[in-house]
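Asker: Quick note, in this note's numbering, the sequence shown goes up one by one and the last residue is 556. One structure, pasted below without further comment.
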Amino acid sequence: MEKKPSPSTPSLKWSVLFFLCILVLWQLLVPVLEIPSYLLPTPLAILAEFQKRGGFIFANFLPTFYETILGFLIGALIGVVSGLGIVYSRILWLTIYPSLVVIGSIPRIAIAPLILIWLGIDSIWSKVTIAFLVAFFPMVVNSVVGFSQIDGEMLDLAKTMGMKPWTEFRKIRLPNSVPYLFAGFKASIALAVIGAVVAEFVSGQQGLGYLIIIGNNELNAALIFASITVLSVMSLGLFGVIVGLEKVLMPWRRGIYPTEL
């Protein structure tokens, strides 16, 4: 019997078709409504900007990509390790965790200028640090929840059976934490992109955020849209990698994503 797609998960082809319809309407309506190109360029004008300055755009894509990846990886690693420490240490749970929650409420973007001053405007590590800061907090919170939200009866049974702490972690806490960790990964990668771009807004040396500033100064909306397009594709690609890993490690969750082409 042929398996029908769930009505709650629209197929990818309809999303692509909808996006193409938006592009066609955009291309047709801009000249009809006589919207100036410096306000809203057509998709073909954006494509022409890609052809004209493709090498320049790609050269500025690489710094943003590296900053995002490094910030995300460092934030994810330190976030998971910090979450483990908080769960296994009552002192850290009572002192560090509440402090992290309070600090997490402070907009990290607001301290971006300070980070750039401390670490250097020209340094890639200042941008990586900002990407790390925005990626770290959702990761540590999800790690704490994932490692701590365990059925008490299961833990009592493990203790009754004489299960060692490492075995308890490997058999109980780690499997329970995987969905929470991937939720943190997906939130963190999106925030890391934002952090890297905001850092480039402030520093104005290189990167896609820098290109957006150039486009603004030149009143070149096509360059701005081209940069945003590259950012969107990069974000979707990185998000898709995490979703792919999630499907591999948790195949029972595949049904929550649209898969029919």
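In this text, a Cβ means the ideal position worked out from N, Cα and C, and glycines have one as well.
1) Please list, in chain order, all residues of the same chain as Q255 whose beta carbon is under 7 Å from its beta carbon, the five residues on each side excluded.
2) Within 10 angstroms of its Cβ, does E541 collect 16 or more other Cβ (buried), or is it exposed?
3) Are L476 and V375 closer than 8 Å when you measure CB to CB?
4) Can you give the Cα-Cα distance for Y392 and S443, rounded to whole angstroms?
5) Is it the case that the Cβ atoms of I419 and I484 are separated by a distance below 8 Å?
6) Count the other C-beta atoms from every protein chain shown that fall within 10 angstroms of the C-beta of S303, then say buried if there are 16 or more, exposed otherwise.
7) Taking the alpha carbon of L428 as the point to measure from, which residue in W461, A482, I519 has its own alpha carbon closest?
8) Please state whether DSSP places S421 in a helix, a strand or coil.
9) Can you name, in chain order, every residue of its own chain whose Cβ lies under 7 Å from the Cβ of V325, other than the five neighbours on each side?
10) Distance check for D417 and L503, CA to CA, integer angstroms please.
11) Considering only residues of the same chain and omitting the five flanking positions on each side of I373, which have a CB-CB separation below 7 Å?
12) Just the Cα atoms here: how many angstroms apart are I519 and Y333?
Answerer: Here's the rundown:
1) No answer is possible for residue 255: it lies beyond the span of the chain, which begins at 296 and ends at 556.
2) buried
3) yes
4) 13 Å
5) no
6) Confidence is the limiting factor: at S303 the pLDDT is only 43, short of 50, which leaves the residue's position unreliable, though a coordinate-based value still follows. By the 10 Å Cβ count, S303 comes out exposed.
7) A482
8) helix
9) L335, T337
10) 15 Å
11) F431
12) 10 Å
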